[in-house]
Amino acid sequence: MAKSKSVVPTALVLKKTTAASRSTAKRPGRPTGSARGPEQRNLLLDTALVLFARQGIADTTMAAIAREAKVTPAMVNYYFKSRDQLIDDLIEERFLPVRAAMGGVFEAHADDPMAAITELAQRFVDVATAYPWFAPLWVRGVITHDNILKQRMHERVGDKHHKAVLICIRQWQRKGLMNAELEPSLLFMSLLGLTILPLATIMTRQIGSKDHPVDAKVIARHAIALLVHGVGPQK
């Protein structure tokens, strides 16, 4: 007599199938290809930076970021629930690392202002070269008074470091290590203007002659020479 095959109850089969479907189904709004998730998110962050530098933060919507990145608005909203969250994530993942890359100069050269200023100028050039969005975004913020990013950065990190730098500069002046006629609050702006402004310019047009075009290396050399030696002849 043949053995009867065991029959799995239909209800049990349906239960297992439903559980499997739940485990593999993607969440609503989740982009397909979850392995590409981090890369897609980074693309959206980089796209936002490009648009912020090109047209300003206030005039850049989530829909504009989606169009520029050639994705759907739903995908942008999946990774960033609002523009505020997007800006917060940019500060955390893009701007704070850049800020850290330019830090520690005054502490490393506490008794040598010329070395500190020289290294800081070089770091500005290095950062603007490594992050092409930095220079045009800074220039736009100064020209248009687009203070959204500045306000959010202040909320995130405060001004403790900035105040410490101003104190350091004033101490150098009192000790006779730095020109007393310099205005401490304008030093950073002057240094950024000597480096970041020309770096932003050479991204869109050539400076200098065809045979001797100005590049990042020339800008760094010029800024350091002007800061350290001024416009007078070298002695």
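First residue of the sequence shown? That's 3 in our numbering, and the numbers climb one at a time after it.
Beta carbons are placed, not taken as given, at the ideal position from N, Cα and C, and that holds for glycine.
All of these numbers come straight from a predicted model, not from anything done at the bench.
Backbone secondary structure at residue i - three-state DSSP
| i | result |
| --- | --- |
| Gly210 | strand |
| Pro215 | strand |
| His231 | helix |
| Leu168 | helix |
| Asp113 | coil |
| Thr161 | Note that residue 161 is Asp in the sequence shown, not Thr. Note: Asp161 maps to coil in three-state DSSP. |
| Trp140 | helix |
| Glu185 | coil |
| Pro134 | coil |
| Thr120 | helix |
| Thr203 | helix |
| Met64 | helix |
| Ile59 | coil |
| Met180 | coil |
| Val52 | helix |
| Lys152 | helix |
| Thr74 | coil |
| His147 | coil |
| Pro30 | Residue confidence for Pro30 is low, a pLDDT of 47 falling below 50, so the modelled location carries little weight; the figure read from the coordinates is stated next. The answer is coil: DSSP assigns Pro30 none of H, G, I, E or B. |
Residue j beta carbon less than 8 Å from that of residue i
| i | j | result |
| --- | --- | --- |
| Ala66 | Leu53 | yes |
| Ile198 | Trp135 | no |
| Leu196 | Leu168 | no |
| Ile209 | Ala123 | no |
| Leu151 | Glu95 | no |
| Arg142 | Ala55 | yes |
| Ile59 | Asp148 | yes |
| Ile221 | Val144 | no |
Cβ neighbours of residue i in the same chain (closer than 7 Å, five flanking residues each side left out)
| i | result |
| --- | --- |
| His231 | none |
| Arg223 | none |
| Ser187 | Leu168 |
| Ala103 | Arg125, Val129 |
| Ile171 | Met180, Pro186, Leu189 |
| Ser25 | Reliability of the predicted coordinates at Ser25 is poor, the pLDDT of 42 falling under 50, and the value obtained from them is presented with this limitation in mind. Cβ neighbours of Ser25 beyond the five flanking positions: none. |
Own chain partners of residue i with C-beta closer than 8 Å, once the 5 adjacent residues on each side are dropped
| i | result |
| --- | --- |
| Arg154 | Ile89, Asp90, Ile93 |
| Pro138 | Ala55, Arg56, Ala202, Met205 |
| Arg284 | The displayed coordinates of the chain run from 3 to 237. Any statement about residue 284 would go beyond what the structure contains. |
| Leu193 | Ile119, Leu122, Ala123, Phe126, Ala225, Leu229 |
Close-in-space but distant-in-sequence residues of the same chain around residue i (CB under 6 Å, 5 per side omitted)
| i | result |
| --- | --- |
| Arg158 | Ile93 |
| Glu121 | Val107 |
| Ala27 | Only weak support is given to the placement of Ala27: the predicted model assigns it a pLDDT of 45, under 50, and the value that follows is read from those uncertain coordinates. Contacts found: none. |
| Pro115 | Trp174, Leu179, Met180 |
| Ala117 | His111 |
Residue-level contact to chain B via CB, residue i, 8 Å cutoff
| i | result |
| --- | --- |
| Met77 | No chain B appears in this structure, which consists of one protein chain only. |
Could you say if the segment 198 to 207 and the segment 215 to 226 meet the contact criterion of at least three C-beta pairs nearer than 8 Å? In short, these stretches touch, since the Cβ pair count reaches three.
So does the segment 89 to 103 actually touch the segment 64 to 78, counting three or more Cβ pairs closer than 8 Å? They do not touch, by the three-pair rule.
Fully enclosed by the segment 78 to 111, which alpha helix (DSSP H) runs are 4 residues long or longer? Here the runs fully enclosed are 85 to 92, 98 to 103, 107 to 110.
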